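Asks: Questions regarding the structure given below will be posed in turn.
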């Protein structure tokens, strides 16, 4: 094995780049792959941007109410609806509420998980939150109705008889609760993976001084975890602001439709052809400004924060009497967060559950159909292939971006940080339309570069660029924990910047990198808008280029009863994509960092 | 323990590698498709070069696959050497590119306005084949001519639009089944609103051909002013959703009691709901929209493309359209499930005028979405209508007064646009229709002006109602 590595190393090309040159890579990546295509689509409206001011308003007093109680023929219904302040205020209030609540919940569960050992820690610390964070585009909207509908929702069937009243999640309140449940696992993963790197000796020192449980948590863990907390709040804030799933799931209610992301997205979509609007441009611009402002504030803190301790030794927290109640709380929260995903998984192994309180049967036939049907199997394989390549590309650029933004003294550092945060707020539909028109016009004579002929190329590029934020955020938090002296020593010994990233930064940030790679893989494999625009047109063949989302959309459009097979397709695709991506990342990391596979896996443990 | 981990790692690696190999194999597999029984092979047509047709459509992939199977098994496919046909569901924005770059042979299904626009801009090749035109004439299929008099596109069938109801939802609120859209003016359908639910799910017309056609039918049948009043009340009674599919699924699940649907969606809702949902042929208001087919401007396979069109117009093709998509063909579908539906809808067909609708369609769509469908406008509209119904239920206002309020709420607004104050009459809608469609800035100004006028009106009416109790 050593001989193989040394012979590989002898002909590996050492790229010599400076920090400033490195900074250009993520900037160019985002500019070419996102900014230019979207600008191409919206350029004609730039002169009308002033008219967009009419879309900047706040409704005072707001419409609606926080909740309303209805007495309906002997039963009581508590409908949580929320206030409607208009799209901009709704978005900001929603994002603030969701980010702070999700992060607080994540702090509780992350700290609790630090008190567990072995399989329980792995399960509740990583596996269950990962399952809970799995998006299920298109199908989750059915799951939401199935779970929360005021009359036939499964929750009301349980709590109705128990509590004597039913609860309805409607309007923007429903969106808030849905987003908290969806994003809290992401916050948990970011915070926990960061806390795993905190030096155990600091905790042991506190124990030896007589402090325990809550004291250690509040005086040591939480302050040390500040970068992760900030990253979590900022990331969840933006995820909430740009989220479409929640507003779509509750879009029957006007307040849920009254968010910037929903309005901007649907302004592009029409049965009469793609359209553009001043309103969409205005809201994209506002979301970009908000994202930059939010991340700029955390960037300044992260850049100045330095607690350079990196240790792979695991913390085992002693929570004393609080352990049991906190463990129960964690279990309940995790169970709630996984409910929508578990229901989708439930659809995949049942039949006849659409519109009924119980399925008519349990079967693995849906998965058999997915594997045996070449049309579905091809969608799965396409998705896995695109995901693996996109994740590797995104993580590579994320490393370069994080290093350039937080470590180098280049004047381009702020721009690099912006380049990693704006991808998330640019609507995928705009990216897809921009890719189609711009790159088709440029490359229509070169089939391999024409998106009409070779959509996979553009799908991978769009996925990698749009999900860059997921890959870079966990890295940004953990980078400051690596002592500068490690890098200085490497540079003194003649290592170049790329070599330093490869041999020092990469091994020491393996855990958060895996979290970022996982999140990226999950969200790439379920990407919807770009996939529909670029690869939505295909026949029922065994060699189509479409990933799974256009296939699911087509099937559900045709027949809602296909929800069971489509759930199986989605679950199988998610599992295969994420596992394959992680394995691929581990292999590439092992080769790139010269650590070898065994050491790489050890460093990445806890994922 | 360490050896177990190594073993686990090896197992994972083997699975991944095996998966990649299988995947690679599949990727490398030639484009084999399910062989269709009776489909012509190259050797069967030695004198003809084998043809693969490309059809750009709005049909779902599964629907295209079903039609493909039927066509390839036909004698016409064999006669013309068509060995394969692929259906690409593409956004209509891309259709001009397919036409101008010779990437498509045929366009199939989509709205009349879309085909008219393509025809006017020269993206459709005239159909001059006497055999095809003769068949079309013999079955009474509508043909549409361009400015030069040549046939631009032909209607091979008709899509039936009406609505689907959920009987369980109707029972929950003890509501009668509406027999026509006009019945929704009855205040009884506002009962769900009083407990925070909506009676109907109505898609935004720009996202749903079904909703657009429904709005056009109401405006043509009830007249411009009364039609807008009815649409405004329907908007007050409805969840405004973003697609026909969502409306269909809402009514299938029982989330709402009514949704405008095309016939095939009504059938799917019936199947998915276990019979709780039912497609209703609205009395005198079944809208048969044309299902067009046309040749793409630079089709590389004109002869074979015409053969496909000929097949669609043949008894075999008409039967396929009826059986697979529940379209209303020009040849009565004997012995199919559609025969009963055919009889039911026959007496309720509204004489929809697509040419008239095309003149104001876009303006009407964006007017609806601003005055009725916009979240702010719809919230206020619901508030006003709930107040009006509450006063009616208390006996403060009578039925005719409630109707007057509906007219007041919904009569076309007077808007201020580009310094001009103008009422949104049909003539004005026709005047601005093209500009609303093509000029994004003007469309934005129009939307803002309509929304502003709507909010002002609704606030005034709400204040008047609140003053009464």
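Chains as they are written, first to last, in the working numbering: chain P, 8 to 614; chain B, 174 to 642.
Positions of the beta carbon are idealized from the N, C-alpha and C atoms, including for glycine.
Model, not experiment: these values are computed from the prediction.
#1: Can you find a heavy atom of the ligand GTP that lies under 8 Å from the Cβ of residue 398 of chain P?
#2: Between which two residues does the alpha helix (DSSP H) holding residue 440 of chain P run?
#3: Are at least three pairs of beta-carbons, each pair with one atom in the stretch 497 to 511 of chain B and one in the stretch 297 to 316 of chain B, less than 8 Å apart?
#4: With 9 Å set as the bound, which would you pick, yes or no: does the beta-carbon of residue 362 of chain P sit closer than that to a beta-carbon of chain B?
#5: Going residue by residue through the stretch 536 to 594 of chain B, where are the continuous alpha helix (DSSP H) segments of at least 4 residues, counting only ones entirely within it?
#6: With a threshold of 7 Å on Cβ separation, who are the neighbours of residue 131 of chain P within its own chain once the five nearest residues in sequence on each side are excluded?
#7: At the level of alpha carbons, what is the spacing between residue 375 of chain B and residue 226 of chain P?
#8: Hey, quick one: how far does the alpha helix (DSSP H) through residue 274 of chain B stretch, first residue to last?
#9: Does residue 551 of chain B get closer than 9 Å to chain P when you measure Cβ to Cβ?
#10: Give the single residue among B/437, B/227, B/553 whose Cα lies nearest to the Cα of residue 636 of chain B.
#11: Please list the terminal residues of the continuous beta strand (DSSP E) segment that includes residue 84 of chain P.
#12: Can you give me the start and stop residues for the alpha helix (DSSP H) that residue 632 of chain B sits inside?
#13: Which word fits residue 519 of chain P, buried or exposed, when buried means at least 16 other C-beta atoms lie within 10 angstroms of its C-beta?
#14: When we look at the beta-carbon of residue 212 of chain P and count the other beta-carbons within 10 Å, is it buried (16 or more) or exposed?
#15: What three-state label does DSSP hand residue 437 of chain B in the structure shown?
#16: Compare the C-beta of residue 211 of chain B with all C-beta atoms of chain P and state if any pair is closer than 9 Å.
#17: Indicate whether at least one CB of chain P lies closer than 9 Å to the CB of residue 331 of chain B.
#18: If you compare alpha carbons, which of P/49, P/567, P/86 is closest to residue 354 of chain P?
#19: Please compile the residues from chain P whose C-beta is within a distance smaller than 9 Å of the C-beta of residue 369 of chain B.
#20: Taking only the alpha-carbon atoms, compute the straight-line gap between residue 595 of chain B and residue 391 of chain P and give it to the nearest angstrom.
#21: Got a sec: which bits of the stretch 546 to 573 of chain P sit with their beta carbon under 8 Å from any beta carbon on chain B, in order along the chain?
#22: Using C-beta distances below 7 Å, list every residue in its chain close to residue 208 of chain B, excluding the 5 sequence neighbours before and after it, in chain order.
#23: Using beta carbons (cut-off 9 Å, strictly below), is residue 94 of chain P in contact with chain B?
#24: Short of 7 Å in beta carbon distance, which residues of its chain neighbour residue 150 of chain B, apart from the five on each side in sequence? Order them along the chain.
#25: DSSP state of residue 337 of chain B, grouped into three classes?
#26: With H, G and I counted as helix, E and B as strand and the rest as coil, what does DSSP make of residue 597 of chain P?
#27: Alpha carbon to alpha carbon, what distance is there between residue 361 of chain P and residue 367 of chain P?
#28: Report, in whole angstroms, the separation of the C-beta atoms of residue 84 of chain P and residue 150 of chain P, which I expect to be a contact under 8 Å.
#29: With DSSP as the reference, label residue 505 of chain B as helix, strand or coil.
#30: Residue 292 of chain P and residue 56 of chain P - do their beta-carbons sit closer together than 9 Å?
#31: Determine, using beta carbons only, whether residue 249 of chain B and residue 480 of chain B come nearer to each other than 9 Å.
#32: Please classify residue 322 of chain B as buried or exposed, where buried requires at least 16 other C-beta atoms within 10 Å of its C-beta.
#33: Whose C-alpha, out of P/247, P/278, P/70, is nearest the C-alpha of residue 386 of chain B?
#34: What residues from chain P crowd round residue 445 of chain B, counting only those whose CB sits closer than 7 Å?
#35: Where do the ends of the beta strand (DSSP E) carrying residue 524 of chain B lie?
#36: According to DSSP, is residue 174 of chain P part of a helix, a strand, or is it coil?
Replies: Here's the rundown:
#1: The ligand GTP is not part of the structure shown, which contains no ligands of any sort.
#2: 435 to 450
#3: yes
#4: The C-beta of residue 362 of chain P comes closer than 9 Å to at least one C-beta of chain B.
#5: 548 to 567, 572 to 583
#6: Taking residue 131 of chain P as the centre and dropping the five residues before and after it, the same chain places the C-beta of 120, 123, 337, 341 closer than 7 Å to its C-beta, in chain order.
#7: About 55 Å.
#8: Neither: residue 274 of chain B is in no alpha helix (DSSP H) and is coded neither H nor E.
#9: yes
#10: B/553
#11: 82 to 91 is the extent of the beta strand (DSSP E) around residue 84 of chain P.
#12: 613 to 640
#13: buried
#14: exposed
#15: Residue state, collapsed to three classes: helix.
#16: Unreliable placement is indicated for residue 211 of chain B, whose pLDDT of 47 sits below 50; the coordinate value is still reported in the next sentence. Look at residue 211 of chain B: its C-beta is not under 9 Å from any C-beta on chain P.
#17: It does not: the Cβ of residue 331 of chain B has no partner Cβ on chain P nearer than 9 Å.
#18: P/567
#19: Near residue 369 of chain B (Cβ distances below 9 Å), the residues of chain P are 75, 77, 84, 86, 88, 157, 175, 177.
#20: 56 Å
#21: 546, 547, 548, 549, 550, 558, 561, 562, 563, 564, 565, 566, 567, 568
#22: Only weak support exists for where residue 208 of chain B lies, its pLDDT of 44 falling under 50; the coordinates are left without a value.
#23: yes
#24: In the structure as shown, chain B begins at 174 and stops at 642. Residue 150 of chain B is therefore absent and cannot be evaluated.
#25: strand
#26: helix
#27: 10 Å
#28: Between residue 150 of chain P and residue 84 of chain P the Cβ distance is about 21 Å, and since that is not below 8 Å, they are no contact.
#29: coil
#30: yes
#31: yes
#32: It is exposed - the Cβ of residue 322 of chain B has fewer than 16 other Cβ atoms within 10 Å.
#33: P/278
#34: 361, 362, 567, 568, listed in chain order.
#35: Where residue 524 of chain B is concerned, there is no enclosing beta strand (DSSP E), given that its DSSP letter is neither H nor E.
#36: The DSSP-derived three-state label of residue 174 of chain P is strand.
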